[in-house]
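There are 6 protein chains.
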Amino acid sequence: MLVGVPKEIKTHEYRVGLIPGSVRELVAHGHRAIVETGAGAGIGFDDDAYRKAGAIVMATAAEVFAAAELIVKVKEPQPGEIALLRPGQVLFTYLHLAADKQQTAGLMRAGTIGIAYETVTDARGGLPLLAPMSEVAGRMSIQVGAQYLQQGNGGRGVLLGGVPGVTPAKVVVIGAGVAGTNAIEMAHGLRADVTAIDRSIRRLRQLDAQFHGAVRTLFSTADAIERAVADADLVIGAVLLPGAAAPTVVTAAMIKRRRPGSVVVDIAID
Amino acid sequence: MLVGVPKEIKTHEYRVGLIPGSVRELVAHGHRAIVETGAGAGIGFDDDAYRKAGAIVMATAAEVFAAAELIVKVKEPQPGEIALLRPGQVLFTYLHLAADKQQTAGLMRAGTIGIAYETVTDARGGLPLLAPMSEVAGRMSIQVGAQYLQQGNGGRGVLLGGVPGVTPAKVVVIGAGVAGTNAIEMAHGLRADVTAIDRSIRRLRQLDAQFHGAVRTLFSTADAIERAVADADLVIGAVLLPGAAAPTVVTAAMIKRRRPGSVVVDIAID
Amino acid sequence: MLVGVPKEIKTHEYRVGLIPGSVRELVAHGHRAIVETGAGAGIGFDDDAYRKAGAIVMATAAEVFAAAELIVKVKEPQPGEIALLRPGQVLFTYLHLAADKQQTAGLMRAGTIGIAYETVTDARGGLPLLAPMSEVAGRMSIQVGAQYLQQGNGGRGVLLGGVPGVTPAKVVVIGAGVAGTNAIEMAHGLRADVTAIDRSIRRLRQLDAQFHGAVRTLFSTADAIERAVADADLVIGAVLLPGAAAPTVVTAAMIKRRRPGSVVVDIAID
Amino acid sequence: MLVGVPKEIKTHEYRVGLIPGSVRELVAHGHRAIVETGAGAGIGFDDDAYRKAGAIVMATAAEVFAAAELIVKVKEPQPGEIALLRPGQVLFTYLHLAADKQQTAGLMRAGTIGIAYETVTDARGGLPLLAPMSEVAGRMSIQVGAQYLQQGNGGRGVLLGGVPGVTPAKVVVIGAGVAGTNAIEMAHGLRADVTAIDRSIRRLRQLDAQFHGAVRTLFSTADAIERAVADADLVIGAVLLPGAAAPTVVTAAMIKRRRPGSVVVDIAID
Amino acid sequence: MLVGVPKEIKTHEYRVGLIPGSVRELVAHGHRAIVETGAGAGIGFDDDAYRKAGAIVMATAAEVFAAAELIVKVKEPQPGEIALLRPGQVLFTYLHLAADKQQTAGLMRAGTIGIAYETVTDARGGLPLLAPMSEVAGRMSIQVGAQYLQQGNGGRGVLLGGVPGVTPAKVVVIGAGVAGTNAIEMAHGLRADVTAIDRSIRRLRQLDAQFHGAVRTLFSTADAIERAVADADLVIGAVLLPGAAAPTVVTAAMIKRRRPGSVVVDIAID
Amino acid sequence: MLVGVPKEIKTHEYRVGLIPGSVRELVAHGHRAIVETGAGAGIGFDDDAYRKAGAIVMATAAEVFAAAELIVKVKEPQPGEIALLRPGQVLFTYLHLAADKQQTAGLMRAGTIGIAYETVTDARGGLPLLAPMSEVAGRMSIQVGAQYLQQGNGGRGVLLGGVPGVTPAKVVVIGAGVAGTNAIEMAHGLRADVTAIDRSIRRLRQLDAQFHGAVRTLFSTADAIERAVADADLVIGAVLLPGAAAPTVVTAAMIKRRRPGSVVVDIAID
């Protein structure tokens, strides 16, 4: 199959659909790859790295879109990209169509076969292409939360792990799926006082075993969430509804009652 | 030196001054040992074990006291034992004289050289002979506290480590010396929510490093203790004043304000 | 559905079928709840807590039984309660019918639809309503065993974790299911010398990974159990036969050969 | 002694010399405390909290300075504050005189007895009043470094701990004193690939034991530092020269050779 | 069933088909066992141990083969043993037929029902009879690799875990199945710098959780393996193709480029 | 000072007195270094590495000995080297004179100022130049012991860590100083059943804290050692008498009573 990798054009998107290592794997399995010049520049791969891996580097996105049977991207296609799609061509990228009527209409007009990363499921019902992003998002949520808890940023001036002799911050993670678990791991690693809330008692048991009891686990009820949020310094919302934007699990009512200066990070993944 | 080991006669005292292994060490270093028959029975050593280690077993305490240059015991001498002591003889045991006028007078009359375990210090100022008892007491304090927290025993019906999905009990250990540290280790091992309070920030730092932040540390102020006790399920008092009975660090005022059904264990060592 | 929660009346039963937080969840999902006055008193919830969660509080069990479509309890119905049941009504509680002919006959006469907690299975064949009790029982078994090992209670006078310089107690846990695993976690947390025996090598592998080798694992054969029990200070029997009382895995023959002063705790769950 | 606590007036300084809990301790030991109104507002303590602890709240800094025998502050006195000092009065705060000729001259003119937090040493030669700030600085250095490694902030776009399947960032901490050790703990907690460099092999041994080998330790030589810095994503400079501002241990020459997009955080404490 | 256990005769094979404990289990379940004299001598079980477990000990292999309905062995039958097999008899042992034409022909001629340990699968598709050997092989691979890294054995003279102040060795484990995971556990236990490479991102996630990030995980691509091998001190090949000898995952090309003095251990199991 | 580094000439000695990184440090502090050609070849440093670090490379040992004021070596001087020494010259290396009359006489005739690594003490009474060798020896002792426990090498055929379902080997480490502690760390890392024996109860306490109880600690008495050795698979002798060869702590009597196939490694350091 002829696989094409255009350069991402959405603002603040530094990623690329395929790194040279992935191109090498494709080529080794009998496929061909074409890559737009500069596609990997945002994460440190120049055109020669792609060439060495076996790709042909092309000068424009238009050429890549015109030739490729399969387009591998990161973000949903922008209007200029949708115009380059053609019937029967496969587009493999994040789409998040539920909240984007214009893109949906564009793709239907183009006749492209769109496969959204966020909806691909594996044999166990997992979301293998969403999971790595959930991992990154979960780990970053703690880093970002820590930053906003600084007094200069309007937070309570609380250090996540405290210091010896001083109480650590209370971090509440709602949802212990991939994103939530990664948030828990980082908050626990920073020595915060972490509480994990989930609807699956089985998942809570696994967390109890993994952390040898050092992360508190709470079965998810409205009562439990309300009380935990009211007492927290940092709340991470990590509940995923497959195929949709992440919901705001921390309701407006709860947010009203939280501690002054506390921080809420609600994870949404694309 | 001729070392004598009488059988302990105080109620509920199962220990013995020297086990056969210690007798063997003494004999190997050129000393002689005499042991009252049955001295080690409470902890599973019969007379033959002592004989095999090189001791002479005698039929009565009177014979042991009469012959020995050094008496090695566990508990303070009881009136009947004081009567057997003689001038110049060395008595090596727990004495706890501060609170025991009668015994003090008895020893003075006897002219014995008493060396109290609880006052022997090492080059670093530590109490090497008290420390093992502090370790046992610290570890048992949690076991005993757990038992009294059971509802059938009048406690709050809280399991120290909770179970997944249910909050663990809050254990506050006041004083992180030998006894306190051992209590902390056991409470943490049972997955309780442990807070250690001490006046030495250096000690709190060591605990933070040892437990990788999983035990909360608080610098000891009246405020800190008051608040921690008010919120605790189990309070362990582990503050030692050398040479005296352990003080009641949890004041009456604090105890009044603690949670109904919570348990206080104040460690006193002999 | 109209859900009724009577006060438990069996001796030493402090639990209650639903806590206020659970009532709130039911009400939020469109159900109604009626609760007998004082139902939650044993674990610290007064009638107002239930009212605030949306329940109606009734003065007598008779009223609750008469009105409710679904009765949620903890213990099997006592004779007085069986008399209040009616055909078509659903009773959700522990039943343990296998060993209780009288109750079985009573329920059949009443025409109630009984759903026993201990027989509900999930999609993986697990017992989700028994598991939390197994967790509690497994964790308590170590606490109780530690208590009976004290010399004053007739035990060997061995501290589970020993102290530095002194060997810890040997704990053997037979059966590494939910109860057994929780017993292992607590015994390991108290620094005992723990051996886990199970018929599933896969489970033993998980334990080896979870504890990084610090818990010894033995494949279950008669030889292995016999030898381990003969050398143990504390034996926890944690083998479950679904729907029945826990069997006595440690046979009479084994018990005869165990160490004097050692303790056996056989976990039975309801 | 009459202790006075003025409100801090230097920009971005939210801390206060004494919290109410400390005031309570002073008063309990027979001292008196006067506090400027609003002194604790920056960290959430109102005047009533101080009054409850036993302090008298005064309306202006001038009143506090005029009455107090001992002034307890956080930052070095600003020109307006120096003007309020008087001969014989004790000033207890961070001074950092080495780099501040104007302040030094002001204090000499005022005739105040200045005791600088950063120079107080304990019996072991440690700096007990600097250590807590070093702990905070060390822990925050990783948080700040993580933030600047984000691509949006000009960094390499590397997550400190990576994610499963992707290599974590390399963090090099130069100097394993209080600040460095706290940085190491946080970086290790975030699952980064951490290398600690120190001139004390004894300290490296302690780190190896504390982290069970999971933090790499390197003896400090120019070679070792150069190579480690050249390969690092995040370099923490944590070398302290007592009584002076922290030196720049990572020399200009090294910085030139470090990886593009890598981040250097040099800890300076006051 | 009548189960026969002949003594292994292949060179350097010390194992035996059934230990006395297994014989006891068989007998307890109604089977009978016959064992060749000296069968367990290589691992410390004499004939009496088998007799005590309920077996009949026979003087020659010929007698065992003649009588038994089921032969339980360790290694593939040697020519002399094949001659003793008969039609309808079941042979349960490692066979590894794929690479052994002569044995295959022999078994076909004999008309024996051969069940090869290495091909028995469980309900989850695992290889329960191969797994214990994989565990042993994985654990030993590190021990053997450490030995060959010694300078006297021609290696780089690198200690797997280094010492404080000196960098540890880099160990790369390719394949994180049973053998690979056990190799990882040992290398990590020796404080080496371990990288695990696998094609299953799910498995890498489990390793990240199990080791709290202290083992680096890499998704398996040709690029990733090549780079890791080029930089490694010790490479463990632990990729299993079911039913066949383990493949050489580290290709000749890679081996050419590895560090002088580095060691490669490729695990093959029987 | 002019520092000279000759090539080591004793059989199987691959080390060198100074590595290039150390030369660079000396030169940076104003000293000069001369190195014999090929001195670092055994551990991978060529002459150019030394030149780049600032050393002058000389063709023969004779030139180095003739010019240098301070000779830095690894092993005690061999007869040919002693002949090159001169009065007033400083020789810094391992000497181990106690057991080597010939060398002692040679050094006295030469009039050299010999400073033996193994006798240099630091302010705490430690042996800073012996410690790194003790670390290496302690870590290797386990690796070597594991190797000799293999059946092919005459051992019991026991894997140190066992595998899940099979008991691990028992490792007894006598002496928990630097060498012993490093042996303990490795044996524990390999999941063996480790017992540490030491005469310092303080050291045992530190081990208990460091390993969270997972390493058994025993106070050193003849009884304790005898019993532990009788039951061990691997015994590590790690008792150091400063300035002398390591003693054989495991007496002949004990060795007679140990298990067949068990292995004893007695650490001697130079």
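Chains as they are written, first to last, in this note's numbering: chain A, 1 to 270; chain B, 271 to 540; chain C, 541 to 810; chain D, 811 to 1080; chain E, 1081 to 1350; chain F, 1351 to 1620. Just so it is clear, CB atoms sit at the ideal spot from N, CA and C, and this is done for glycine as well.
Reference residue i; option with closest CA among the options
| i | options | result |
| --- | --- | --- |
| C:Gly628 | C:Leu610, C:Glu725, C:Leu744 and C:Gly694 | C:Leu610 |
| A:Asp198 | A:Ala222, A:Val264 and A:His212 | A:Ala222 |
| F:Leu1368 | F:Ile1575, F:Gly1505 and F:Ala1403 | F:Ala1403 |
| F:Gly1563 | C:Thr707, C:Val713 and C:Leu758 | C:Thr707 |
| D:Met950 | A:Val163, A:Gly42, A:Gly180 and A:Asp100 | A:Val163 |
| A:Gly180 | A:Ile201, A:Glu135, A:Leu190 and A:Leu218 | A:Glu135 |
| E:Val1096 | E:Ala1217, E:Met1081, E:Gly1122 and E:Glu1105 | E:Gly1122 |
| D:Val968 | D:Ser1072, D:Ala926 and D:Ser1030 | D:Ser1072 |
| A:Ala67 | A:Glu36, A:Tyr50 and A:Ala49 | A:Glu36 |
| D:Arg1001 | D:Gly971, D:Asn992 and D:Leu1014 | D:Gly971 |
Simplified DSSP state of residue i, which is helix, strand or coil
| i | result |
| --- | --- |
| D:Asp910 | coil |
| C:Thr761 | coil |
| B:Leu504 | strand |
| D:Glu846 | strand |
| F:Met1625 | Nothing can be reported for residue 1625 of chain F: it is not among the residues displayed for chain F, which extend from 1351 to 1620. |
| D:Arg1026 | strand |
| C:Asp662 | coil |
| D:Val1039 | helix |
| A:Leu160 | coil |
| F:Phe1415 | helix |
| D:Leu880 | strand |
| F:Ile1547 | strand |
| C:Ile714 | strand |
Distance between beta carbons of residue j and residue i, contact taken as under 8 Å
| i | j | result |
| --- | --- | --- |
| A:Leu84 | A:Ala61 | 7 Å |
| D:Lys883 | D:Pro816 | 7 Å |
| E:Ile1222 | E:Ala1318 | At roughly 11 Å, the Cβ-Cβ gap does not stay under 8 Å, so E:Ile1222 and E:Ala1318 are not in contact. |
| E:Val1144 | E:Arg1112 | Actually they are not in contact, since the Cβ atoms of E:Val1144 and E:Arg1112 sit about 12 Å apart, beyond 8 Å. |
| E:Glu1306 | E:Met1266 | At roughly 25 Å, the Cβ-Cβ gap does not stay under 8 Å, so E:Glu1306 and E:Met1266 are not in contact. |
Sequence-distant residues of its chain with Cβ nearer than 8 Å to residue i (five each side left out)
| i | result |
| --- | --- |
| D:Pro887 | Leu895, Leu901, Thr903, Gln913, Gly916 and Leu917 |
| D:Ile819 | Ala871, Gln888, Gly890 and Glu891 |
| B:His458 | Val464, Phe481, Ala484 and Val485 |
| A:Ile113 | Gly88, Gln89, Val90 and Leu91 |
Spatial neighbours of residue i in its chain, beta-carbon cut-off 7 Å, leaving aside the 5 residues before and after
| i | result |
| --- | --- |
| B:His282 | none |
| B:Phe315 | Ile289 and Pro290 |
Neighbourhood of residue i by C-beta, 6 Å cutoff - its chain only, sequence neighbours within 5 removed
| i | result |
| --- | --- |
| D:Gly921 | Pro897 |
| A:Val120 | Leu129 |
| B:Ala498 | Val442 and Thr465 |
| B:Arg529 | none |
Flag this pair as touching only if the region 1554-1569 of chain F and the region 765-776 of chain C have three or more C-beta atom pairs under 8 Å; answer yes or no. no
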